[in-house]
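The structure appears right after this line, and notes come after that.
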Amino acid sequence: MPPEHRPAEEWEAIERSPEFQELVRRRRSFVVPATIFFLAYYMGFILLTGYAEDFMASRVYQGLTVGYCLALTQFVMVFALGILYLRRSARVYDPLALRVVEMAEPGAGGRGRRFDRDAVPASAATGREGER
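In terms of numbering that gives the first Met the number 0, the sequence shown is residues 0 to 131.
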């Protein structure tokens, strides 16, 4: 059955499966701290710009100021966090996503199973199974 024609109950069962819960938990454990770090880094830059004008106007080399250097590090930070996410995605998230897809595809060479409400353990709905 094509994905767009699956009943809502089947999608909900996939969401409650331990494999999908692990994927969401693992992804969130990277994305949330990385987002908080970047926003704190950015807000630090904004606060320095507003309250430490003399420091930000200090010249590092000829016309290059501390403020410009810190502004340019924002691009470096976005690039670094993006690379870290892509590497983790290839190592951790993609294999987990493939497991979820294999389990969600009925008749996938005997590996897939059809999800239904009764096939998912109650602990999967709480997301507490398999926590590390």
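Glycine is no exception: its CB is placed at the ideal position from the N, C-alpha and C atoms.
8 Å contact criterion, which residue i and residue j should meet: CB distance rounded
i: L63; j: F54; result: So it is not a contact: roughly 14 Å between Cβ atoms.
i: F29; j: R87; result: 6 Å
Nearest-angstrom Cα separation, counted from residue j out to residue i
i: E18; j: M76; result: 31 Å
i: A79; j: L85; result: 10 Å
i: M42; j: S57; result: 20 Å
i: Q73; j: R24; result: 27 Å
i: Q20; j: E14; result: 7 Å
i: L83; j: A33; result: 10 Å
i: P94; j: A51; result: 47 Å
i: F44; j: Y67; result: 10 Å
i: S16; j: F37; result: 31 Å
i: E9; j: V31; result: 28 Å
i: M102; j: G81; result: 29 Å
Environment of residue i [buried if 16+ CB atoms lie within 10 Å]
i: A7; result: exposed
i: A12; result: buried
i: V59; result: exposed
i: R70; result: Reading off the sequence shown, one finds Ala at residue 70, where the question assumed Arg. Result: exposed.
i: A39; result: exposed
i: R110; result: Low confidence applies here, because R110 scores a pLDDT of 45, under 50, leaving its location unreliable; read the following figure in that light. Flag for R110 reads exposed.
i: I35; result: exposed
Limits of the unbroken beta strand (DSSP E) element including residue i
i: Y60; result: R58 to Y60
C-beta atoms of residue i and residue j nearer than 7 Å
i: R27; j: Y92; result: no
i: A89; j: L22; result: no
First and last residue of the uninterrupted alpha helix (DSSP H) at residue i
i: E101; result: D93 to A103
i: A89; result: First-last for A89: undefined, no H or E at that position.
i: P17; result: P17 to Y50
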